[in-house]
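Number of protein chains: 2
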Amino acid sequence: MSYKIGELSKLTSCNIETLRYYEREGLLPPPPRGNNGYRYYPQDSVQRVRFILHAKSLGFSLADIAELLSIQVDKNASTCGDVKQIAEHKLATIARKISELKEMYRALEKVSAACDGSEASAEHCTILQALESDAARAEKHL
Amino acid sequence: MSYKIGELSKLTSCNIETLRYYEREGLLPPPPRGNNGYRYYPQDSVQRVRFILHAKSLGFSLADIAELLSIQVDKNASTCGDVKQIAEHKLATIARKISELKEMYRALEKVSAACDGSEASAEHCTILQALESDAARAEKHL
DNA sequence: ATTAACCCTTGAGTTAACTTTAGAGTCAAG
DNA sequence: CTTGACTCTAAAGTTAACTCAAGGGTTAAT
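Protein chains in written order, with full-length UniProt numbering: chain P, 1 to 142; chain L, 1 to 142.
Following this line, the structure appears as structure tokens:
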């Protein structure tokens with residue numbers, strides 16, 4: 001009903017040392033210990049670690065992630081305003097990232113398509129040129 | 001018709017030293033120099049630097065970014081297969097990032113919504129719980 | 001009962017990505 | 001013609017995020 005650190009490490013593909021590091025940094029709550037001093041992680045630790053790893057790969061710093069994980073609605077609604085504000089701010093950040101990624105995606109798609117040897121190849125040879133032509137189109141409101 | 005390093009720095013909000021560092025690392029092509037030894041950057045450097053900064057904030061390493069920037073369709077189609085393969089691989093990476101961000105977005109939206117003091121508040125108190133309930137729903141094919 | 005494979009802590013070492021420092025030349029304004 | 005704001009290089013320093021090493025206890029299987 002709980003995982004030793006090596007098991008959690010395998011389930012998440014996260015280095016054992018990194019797990020202990022995340023605990024020191026406050027990203028993972030200190031798990032209960034056995035009489036032997038071993039850490040026994042509850043199941044939901046798997047999800048928490050995966051969340052951390054995903055968020056990291058999306059360009060969030062560990063400090064950002066700690067903040068994301070700390071967001072929670074309280075029984076007493078006193079902190080609710082604060083929570084909502086943090087959440088909305090993160091939502092805006094995420095929305096911006098999504099649209100930037102979509103832009104990159106479109107541009108890269110064009111480059112890839114240009115590889116089909118079509119006549120238009122020469123136009124969008126690099127991702128920067130593809131982005132450029134997109135930007136130009138946007139400015140001319142096409 | 002060209003920018004000195006300080007100008008490029010202001011236009012991109014990128015530290016002067018960082019610009020020189022990117023040049024050393026091969027992310028920015030060495031710009032032409034004046035007789036004084038000064039760097040004179042062509043206009044499109046602005047876009048290139050901005051691209052680097054955006055990609056960085058989306059979790060790409062400088063090595064990733066160098067690869068993205070190096071993708072280009074050649075006149076001779078010999079390298080076209082390679083280019084396409086790299087591009088497709090990057091496209092997959094980007095697509096994955098987008099869907100992970102969307103998942104985070106939905107989860108965070110729920111947490112934020114729970115702040116409105118509705119009855120259901122207690123259910124999705126944290127981003128992890130919101131993600132959890134999403135995953136459960138997905139598994140039950142709802 | 002030993003041995004391999006775990007786990008613990010503390011502290012030092014590493015890597016990527018900057019950032020600062022030092023020392024020196026350049027340019028534009030008054 | 002000097003003063004303040006630029007620019008240059010080379011090298012050292014910093015920060016975040018790990019990662020490893022040393023030394024020592026624990027557990028499971030032979």
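We treat Cβ as the ideally placed atom computed from N, Cα and C, and that holds for glycine.
Looking at chain L, is there any beta carbon in it that lies within less than 8 Å of the beta carbon of residue 3/P? No - not a single Cβ of chain L is within 8 Å of the one on residue 3/P.
Quick one: grab the DSSP three-state call for residue 40/L. Of the three classes helix, strand and coil, the one that applies to residue 40/L here is coil, per DSSP.
Residue 58/L versus residue 97/P - alpha carbon distance: Across the structure, residue 58/L and residue 97/P are spaced so that their CA atoms are roughly 7 Å apart.
How about residue 107/L and residue 130/L: do their beta carbons lie closer than 8 Å? Yes. Within cutoff.
Using only alpha-carbon positions, find the residue among 103/P, 6/P and 26/P that is nearest to residue 17/P. Per the Cα distances, 6/P.
Whole-angstrom distance between residue 22/L and residue 24/P, CA atom to CA atom: Distance between the alpha carbons of residue 24/P and residue 22/L: 33 Å.
What's the call for residue 33/L, buried or exposed, on a 16-neighbour Cβ count within 10 Å? Exposed.
Identity of the residue in 134/P, 43/P, 88/P and 87/P nearest residue 109/P by Cα: That would be 134/P, whose Cα lies nearest to the Cα of residue 109/P.
Over what stretch of residues does the alpha helix (DSSP H) that includes residue 89/L continue unbroken? 80 to 114 is the extent of the alpha helix (DSSP H) around residue 89/L.
Is there a Cβ from chain L that is less than 8 Å from the Cβ of residue 140/P? Not one chain L Cβ lies under 8 Å of residue 140/P.
Enumerate, from N- to C-terminal direction, the unbroken beta strand (DSSP E) stretches of 3 or more residues contained entirely within the stretch 42 to 77 of chain L. Counting whole runs of 3 or more residues, the stretch 42 to 77 of chain L contains no beta strand (DSSP E) stretch at all.
Under the assumption that residue 71/L contacts residue 87/L (Cβ atoms under 8 Å), give the Cβ distance between them as a whole number of angstroms. Their Cβ separation, rounded to whole angstroms, is 6 Å, which keeps residue 71/L and residue 87/L in contact under 8 Å.
Pull up the DSSP beta-bridge partners for residue 126/L, would you. For residue 126/L, which the question treats as bridged, DSSP gives the partners 72/P.
Interfacial residues, the UniProt domain "HTH merR-type" (1 to 71) of chain P to chain L, with Cβ spacing under 9 Å: Of all residues in the UniProt domain "HTH merR-type" (1 to 71) of chain P, 44, 47, 48, 51, 54, 55, 56, 57, 58, 59, 60, 68, 69, 70 and 71 have a Cβ within less than 9 Å of some Cβ in chain L.
I'd like to know whether the C-beta atoms of residue 85/P and residue 128/L end up nearer to each other than 8 Å. No, the Cβ-Cβ distance between residue 85/P and residue 128/L is not below 8 Å.
Can you pull out the residues from the stretch 103 to 117 of chain P whose beta carbon lies closer than 7 Å to at least one beta carbon of chain L? Of all residues in the stretch 103 to 117 of chain P, those with a C-beta nearer than 7 Å to a C-beta of chain L are 104, 105, 108, 109, 111, 112, 114, 115 and 117, reading in chain order.
Are the C-beta atoms of residue 95/P and some chain L residue less than 8 Å apart? Yes, its Cβ sits closer than 8 Å to a Cβ of chain L.
Are residue 112/P and residue 27/L close, meaning C-beta to C-beta below 8 Å? Taking 8 Å as the cut-off, the Cβ atoms of residue 112/P and residue 27/L do not count as close.
Going along chain P in order, which residues have a C-beta closer than 7 Å to the C-beta of residue 136/L? Among the residues of chain P, none has a CB under 7 Å from the CB of residue 136/L; the nearest is roughly 11 Å distant.
Does the CB of residue 92/P have a neighbour CB from chain L at under 8 Å? Taking 8 Å as the CB threshold, residue 92/P stays off the interface with chain L.
Closest to residue 42/L by C-alpha separation, out of 67/L, 11/L and 64/L, would be which residue? From the listed residues 67/L, 11/L and 64/L, the smallest Cα separation to residue 42/L is found for 11/L.
So what does residue 3/P bridge to, in DSSP terms? Residue 3/P pairs with 41/P.
Are the CB atoms of residue 40/P and residue 29/P within a distance shorter than 8 Å? Not in contact: residue 29/P and residue 40/P (Cβ atoms no closer than 8 Å).
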